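Numbering (this note's numbering), first residue to last: 120 to 856.
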């Protein structure tokens, strides 16, 4: 028998006296009798294009990426409903989702107040009110007195006793059987009813080839087959607890996680092996080279950690390709180090090694402020040694930009520094040997893919692919390094330069704002400089600007004798540069800023930072911001102001900031709280990195998948390709970006 449901619910509505909407649905179901079929195999109308012939649910399947049988099989339930048993009305409890069966003894439309349909269902134990605020005339017949129904919904207390609002219901007889398994509830949308999706998935499970790909001797012990796992998760037995099924540590879930991680590890291992077949220019350090001239010109000594990573990177650049002593294999290395660990000078010394042999280097930073910081440092270090540095950002226009482009194209500019403007179409390198990306996770996926395309262009020009060095002040947790960064070599600067002072972190509610302002007044009177950071609210630069401006005006009134600047993303590059110049030179005491100062800003005299609405920031971002102070010899303080009420996530972030200043521990906790997306700029893609595996919890599975991936590629390459084909989706390029 058909189910009946309320408008706006997930089940199909079948009305006896049909409204136009239900008539249309009935007609559609009549046209698609025997459906659903996989969109990939459905026949097209002979008179219309295939796309027009698809029903709305079929188009919704395509939109969800469910175009293959295997895609449907891997579309797992969000939760389960127990329709295998009927509960007596007297045994219902408020808040429970339950199924009852009985006979309608009264059904009326109540016109007082908001118009609604109220029916009363009775069984041998009691009475239950069924309430419909949205209903059609057909409901009056389907819920007429004397109808025997099976009803499911959430129970709540009402004025006339317990009730269900907009429950799903079904006409039954005394012989109508109960469901034999728990009913899955799938992720869906308004155009894709649950009934249609359930049938589509059940059909796909019968057709799809789920034969085992991984040989028995490689499959970790204790894992069921993929087919058994999917059957259990889609159609669980009634005795299985729904809470147990939703627990992703049980064997069926573990098998899906393993297979997903295996496909991801194969993808990364293939990328690494493919790169080993490519060729790049080989750079070997030579006595008396540019690197040796730059070292004594630096105003500081390198730390042992910096020297170690320079040697690691140098070994990559000098490595001989197999069978070709004159060329190398493209380096693909991540240089990670805590805030202030000295990554920029490492990049400069590595670039010097490349430029000494006449090849160009490109350094790309996510913001103009950070790019300009790099530019000024590198010009100061390299121009006295005869190296021309080009500066490319979105704000550079006209003849100045054209001169820079010509210098890059001719090879006169050996070092190119800038923002994403470095990878625009009109930028042509004469001889690109090394690309350096700073704070790579802050670039969007499309920008990183554009950089990869630019590297390919470089290979087309010279016949050799440039080396790639990525830098990050957000250390990568080990599990993430083994998965989403598995095709990278990683160097770590695990030592801060001498002279960095510890930063004391204090946490106050916004109610202590006036006391914080008094502390700022004392700091400014002592000649120290202060940052006040305002958050990005709801991803809206407009609201962010209003917030920063209001805070700037408030502080100007509270500190009339202090020079206070304002910095935000809507200012022109010239305005930003002027404000930063005043603050860097010490002429400005207090800088109110948005997060444009998150990375790269280096003002040693700044010893106090206030971060407003700190609960809105991610842990890694808070740690980056905190790193702007503590760069001089004065004891520094970071004040985190939060608004109440504070969420559990907000409490966890602030607690972590107060407990540790170790960037690696911060990164580990950030991974637990927010997942891996932030480490790769995932929010900009809208695509989840992994559907089933949790990198914070599944470390053992990650290692097992990694080992099996290499074994499959070595011993069973065809099986590795089959595993990739089974799991292939839009993330393939994204994971390599």
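Virtual Cβ for every residue (Gly too), placed ideally from N, Cα, C.
Predicted, not measured: the structure shown is a model, and the values here were computed from it.
Residue 695 is positioned such that its CB atom lies no closer than 9 Å to that of residue 558. For the 9 Å CB-CB criterion, residue 622 and residue 746 form a contact.
About 5 Å separates the beta carbons of residue 213 and residue 276, which is inside the 8 Å limit, making them a contact pair. Taking 9 Å as the cut-off, the beta carbon of residue 552 is found closer than this to the beta carbon of residue 586.
Sorting 714, 447, 419 by C-alpha distance to the C-alpha of residue 400 places 447 at the top.
Within the same chain, and ignoring the five residues on either side of residue 199 in sequence, the residues whose Cβ sits closer than 8 Å to its Cβ are 301, 302, 303, 304, 355, 361, 364, 365.
Contact between the stretch 519 to 528 and the stretch 493 to 505 is absent, with fewer than three C-beta pairs closer than 8 Å.
For residue 776, the uninterrupted alpha helix (DSSP H) segment begins and ends at 767 to 778.
The closest CA to that of residue 485, considering only 680, 688, 729, is found on 688. Per DSSP, the unbroken beta strand (DSSP E) holding residue 625 starts and ends at 622 to 628.
For residue 272, the enclosing beta strand (DSSP E) covers residues 267 to 277. Residue 667 and residue 739 do not touch by the CB rule: their CB atoms are close to 21 Å apart, not below 8 Å. Taking a C-beta distance under 9 Å as the contact criterion, residue 612 and residue 461 qualify as a contact pair.
As for any beta strand (DSSP E) of minimum length 3 sitting wholly inside the stretch 185 to 251, the runs are 198 to 200, 216 to 229, 235 to 241, 246 to 251, ordered along the chain. Between the alpha carbons of residue 535 and residue 324 lies a gap of roughly 54 Å. In terms of Cα proximity to residue 702, the closest of 679, 646, 340, 288 is 646.
Annotated three-state conformation of residue 711 is strand, per DSSP. Spatial neighbours of residue 438 in its own chain (CB-CB distance under 7 Å, excluding positions within 5 residues in sequence) are listed in chain order as 447, 448. The alpha-carbon separation between residue 477 and residue 420 amounts to approximately 27 Å. With contact defined as three or more Cβ pairs closer than 8 Å, the stretch 279 to 286 and the stretch 258 to 266 are not in contact.
In the displayed model, residue 736 falls within coil according to three-state DSSP, outside both helix and strand.
Look at the beta carbons and you see the stretch 238 to 252 touching the stretch 205 to 224: at least three pairs across the two are nearer than 8 Å. Nearest Cα to residue 473 within the set 539, 408, 845, 590: 408. Taking the Cβ atoms as the reference, residue 347 lies roughly 45 Å from residue 592, outside the contact range of under 8 Å. A straight-line Cα-Cα distance of about 8 Å links residue 466 and residue 555. Beta-bridge pairing by DSSP links residue 729 to 651, 758.
Distance from the Cα of residue 652 is smallest, within the candidate group 748, 385, 824, for 748. Counting every other CB atom within 10 Å of its CB across the protein chains shown gives residue 173 a total of 16 or more, marking it as buried.
The continuous alpha helix (DSSP H) containing residue 837 extends over residues 836 to 846.
Note: residue 446 is bridge-paired with 400 in the DSSP secondary-structure output. Among the bridge pairs identified by DSSP, residue 303 is matched with 199. Residue 634 and residue 781 have their C-alpha atoms spaced approximately 28 Å apart. Shown here for residue 705: same chain residues with a beta carbon closer than 8 Å to its own, the five before and five after excluded, namely 648, 724 in chain order. DSSP, reduced to helix, strand and coil, places residue 533 outside both helices and strands of the structure shown, so it counts as coil. Within the same chain, and ignoring the five residues on either side of residue 316 in sequence, the residues whose Cβ sits closer than 7 Å to its Cβ are 305, 307. Judged by DSSP secondary structure, residue 500 falls within the alpha helix (DSSP H) whose first and last residues are 487 to 501.
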